[in-house]
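Here's the structure we're looking at; comments come further down.
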Amino acid sequence: MRFVWAVVAFVLAAVLIGAGIAQRTIFLGPPSQQTQVEIAESAPFVLLDGDVLRTNPGAQTLLVRGEGEIFASYGRTPDMEAWLADSDYNHVTVAKDGTLDVEHVEAAAASDDSDATPAPEETPVPEETTAPEAGTDGSDATTEESSGRNPAGSDLWLDSFGDENALIADNMQLPEGTSVLIAYDGTKDAPDDIAVSWPLDTSTPWAGPLMAAGGAVLLVGLILYVLGIRHQRRGRGPRRKGPGPLPVTQPIDVAALPPAEREAIESTEPAAPTDASEEKKIEDAEIVDEGKDPGARNQMRAARPARRRRMLALPALGVTALLVAGCSSDSWPQFDEGAPSPSPSPTVIAPENQKPPAVTEAQATRILQTISGTLEEADTALDIDLASTRLDGPALAARTTEYALRTQITDSPLPSVIPTDEVEVVLPEATDRWPRTVLMLSKGASDDTVPPVILTMTQADPWSNYKVTDMAEMSADAVFPDVAAAWLGTSLVPQDSAFLRVAPGELSAAFADVVDSGDKSASYGLFDDLSLNLAKSIVDSRQAVVQTLADNGASATSQAAFDMAPTTSVPVSMTTLDSGAIVAVSLTDTESVTPTTTDAVIRFGENAQAKALTGVSESAKGVETTYEFQLFFSVPAQGSTEQIKLLAVRQDLLSVKVIE
């Protein structure tokens, strides 16, 4: 009966192991599911809606094939549509029945529909964003620009990637409200061989247990088989002893036998002689002496079959062990433990109509690194045109003067760079319109002597890159206020806001009055000690100019006048969590030195900067030197007892002019 159960176990083991192997081979499904995007009409761009990539669960893989450098990027869908407002493109969406719908959008239709979408409040319509080149018609320039705009390098994208002839973007997890833009360089038709694939679950959690169970049943069958053989051999009992020796016989005299018997014996042929080698084998086999050990022969004969059975069993168990050990985690059931409970964190509730932030934290960091790299290249070449692609307003004006000075004075220090090692604060404006503003605080990690930098950058329209407008070094004693998270964003404060202790549009004039009037100013008590120390240092520098005139004996023939006033740049003001605001303002401090007599002239002496910027060494009517101050203040809310705090300051020589 043991043999029967052993055979049953062997059959069951074969079925179990075979079923486990079959799950990982012939029954294993495809690893991914793919959908092809059919483009019927060509266009320079393809806008792939995010819902297309989220048709199936799992990470998405985008496959684009073409000829040449293929570009792809993803960003917020409204931003993508705004960028494509004056271009032809194919918009791929998901229909109600789940199929892909490809709509060819004409540039004219996009322009007509733009009236229904929110337009930028302070930015001209798209047609006015591209200035026509000299000698060309404006409409032609706009057409050339719209049909040949390269999407590579735009700050509008959350991320972008490219490859030659074949682009594969795997492990994509596009969030809700985002889309993918596919193109070459914007001048030729976009690739039309586009596919999206999703991974399929190919785990076989029962393959491992089936093979393990098959191995266990095989082991049981082998044990039953061995026990059956052992039981069978024991059932035969001990071998009986053979008969004793025969009595000694005498030779038979054939001649004495009757003739009939003698004739029968003589007619019998002799047996064939036994081969010597066979006799040797027989002798070797019969070497056991039964008289001394009757069971020795049985033990010798049973030794070889037992060893043979063990040799057959070990490979079978080894193969099963290898199959089980080679199974990956997909071949076993996963008993995931309960996920650890996250620690509670403060909850920020966004308003119901909250707009999305202008940039993400990663996007802002990438933009800042690009700006810093561009400015380093421009500083090395003293290329103000290159610098103007990333600077605007007061920051560009200061850079222009620095380049002019370095051209004339070779040992003039290089402009300060923007550190990008550690971006500590990203405060984007929450808006879906243009222009868009972002405030950032960054510092370097390698040099502790370089102070952190606070800056604001603005994107004028969907086709423009961000430009730094205000930039200043943060004071070591300044404390940055609490601001909203980067994923939430904040809002701009109107210039005439009554919810701040001083309206942003009046802040620069208030500080200028403190500098010019000192403690007699009505705004003197509104500013903190850092602000008052800055005002005092400006006054001290003015006194130093007057003292220099006196030391040179020119106080009787010349006079100095000073005036600080706000610039024409609009202050940038962004709200903080305490209902206050961070306000960036710029002011100019004008220093005029004029003669008091007709015979006197103003000589520049050792002032190399004045000589370099004016091209002369003296002036009969005087000289006017203008310094620019870029300041960042933390302004408390109306009704607060806190003072206006100075966060960062930067002073640059703006111009030196001869008075005509």
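Counting along the sequence shown from 1, when you hit position 345 you're at 344 in numbering that gives the first Met the number 0, and nothing is skipped either side.
Ideal Cβ placement from N, Cα and C applies to all residues, glycine included.
Check                                                                                                               : Outcome
Per-residue burial, residue 653 [other beta carbons within 10 Å of its own, 16 or more giving buried]               : buried
Beta-carbon gap between residue 624 and residue 609 smaller than 9 Å                                                : yes
Residues that DSSP places opposite residue 633 in a beta bridge                                                     : 581, 644
Residue 42 beta carbon less than 9 Å from that of residue 189                                                       : yes
In chain order, each alpha helix (DSSP H) run of at least 4 residues that lies wholly inside the segment 533-565    : none
Contact the segment 383-400 vs the segment 636-644: 3+ CB pairs below 8 Å                                           : no
Between the CA atoms of residue 374 and residue 385 - distance to the nearest angstrom                              : 8 Å
Three-pair Cβ contact test at 8 Å for the segment 363-381 versus the segment 436-443                                : yes
The segment 65-78 touching the segment 194-203, judged by at least three CB pairs closer than 8 Å                   : no
Enclosing beta strand (DSSP E) for residue 673 [first to last residue]                                              : This structure does not reach residue 673, given that the chain is present from 0 up to 659, and the question cannot be answered.
Helix, strand or coil at residue 601 [DSSP, three-state]                                                            : strand
The segment 415-430 touching the segment 444-462, judged by at least three CB pairs closer than 8 Å                 : yes
Whole-Å CB distance - residue 488 paired with residue 427, under 8 Å assumed                                        : 5 Å
C-alpha gap between residue 90 and residue 39, whole angstroms                                                      : 12 Å
Beta-bridge pairing of residue 651 - partner residues as DSSP gives them                                            : 627
Identity of the residues DSSP links to residue 573 by a beta bridge                                                 : 491, 581
For residue 499: DSSP bridge partner residues                                                                       : 636
For residue 377 and residue 399, the rounded distance between their alpha carbons                                   : 11 Å
Nearest neighbour of residue 619, chosen from 407, 57, 594 [CA to CA]                                               : 594
Inter-residue spacing [alpha-carbon to alpha-carbon] between residue 493 and residue 572                            : 8 Å
Outcome for residue 468 when other beta-carbon atoms lying within 10 angstroms are tallied against a minimum of 16  : buried
One or two residues paired with residue 161 in a DSSP bridge                                                        : 70
Endpoints, beta strand (DSSP E) assigned at residue 181                                                             : 177-182
Counterpart residues of residue 688 in DSSP-defined beta bridges                                                    : Since the displayed the chain opens at 0 and closes at 659, residue 688 lies outside it and no answer follows.
Among 97, 181, 74, the one whose alpha carbon lies nearest that of residue 65                                       : 181
Buried versus exposed call for residue 97 [16 or more other C-beta atoms within 10 Å across all chains shown]       : exposed
Helix, strand or coil at residue 615 according to DSSP, with G and I counted as helix                               : coil
Own chain partners of residue 58 with C-beta closer than 8 Å, once the 5 adjacent residues on each side are dropped : 169, 170, 171, 172, 197, 198
Residues near residue 11 by beta carbon distance below 6 Å, same chain, minus five either side                      : 216
8 Å contact criterion, which residue 76 and residue 49 should meet: CB distance rounded                             : 7 Å
Cβ pair count under 8 Å reaching 3, the segment 549-561 against the segment 475-490                                 : no
Residue 435 Cβ short of 8 Å to the ligand COA heavy atom set                                                        : The model depicted lacks the ligand COA and carries no ligand whatsoever.
Rounded separation between residue 153 and residue 408 - CA only                                                    : 36 Å
Limits of the alpha helix (DSSP H) - the one that residue 401 falls within                                          : 392-407
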